[in-house]
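Visitor:
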Amino acid sequence: MTYAIIKVAGKQYRVREGERLLVDRLHEEDGATISPAVLLVGGNGTPTLDPDVQVTARVVGAVKGPKIRIGKYKKRTGYRRHTGFRASLTQIEIESIGAGTRTARSAPAKAEKPAPAEAAPTTEHVKGMPSGYEEMTVAEIRKAAPEWNAPMLAAALEFEQANAKRKGALAALESAIAAKEE
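In terms of my numbering, the sequence shown is numbered consecutively and its last residue is 262.
1. In terms of residue numbering, what span does the beta strand (DSSP E) encompassing S255 cover?
2. Going by Cα to Cα distance, which pick from G164, A235 and R246 is closest to S211?
3. To the nearest angstrom, how far is the alpha carbon of Q92 from that of G125?
4. Can you check which of these residues, S255, T217, L237 and R96, is closest to G122 by C-alpha distance?
5. Is the segment 142-149 touching the segment 102-119 in the sense that three or more CB pairs, one from each, lie closer than 8 Å?
6. Can the beta-carbon of L237 be found closer than 9 Å to that of L250?
7. Mind checking which residues open and close the beta strand (DSSP E) that includes K223?
8. Given a threshold of 16 other Cβ atoms within 10 Å of its Cβ, counted over all protein chains shown, does P231 qualify as buried or as exposed?
9. Secondary structure at Q241, three-state DSSP: helix, strand or coil?
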């Protein structure tokens, strides 16, 4: 792998192994190793987008950019102002490209999401409730509620108050019950 396009501090850079580059100030200490996001890897044939390749970089140090002089001047008034600016930068050195596969940061989040989904089936199904009610969205409940009979509406309302407590579903069920009573 000859080169990689990485994303560091909101900007993209084309890098090669052993290359040093200046990036916007990073909150890392000198000598720390970072793994920036890899967007593309190429050089050996067809480039690949979003590859499973890890780029490792070492923070060399914090430096300041060149001084930029800013002058304001208005003719015939004697108005002159001079200011300057120096960017705070961090110099990094690319140590390796493709040394190992990237660790998926979103994988632990996906592993945690099924845990609440497993907790949902433990809720008891209220007798007389419409079939598949637990999986219905608020919009689907609002659409189907006027067609249900009074015991089904009461059971669905009881389930909603005990478990889900979705405001839109509660309002749809209560309005359907009020319409049945009239």
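All C-beta atoms, glycine included, are put in the ideal place defined by N, C-alpha and C.
Guide: Looking at the atomic coordinates:
1. Where S255 is concerned, there is no enclosing beta strand (DSSP E), although the alpha helix (DSSP H) it sits in stretches over K247 to E261.
2. A235
3. 21 Å
4. R96
5. yes
6. yes
7. First-last for K223: V218 to A224, but that is the alpha helix (DSSP H), not the beta strand (DSSP E).
8. exposed
9. helix
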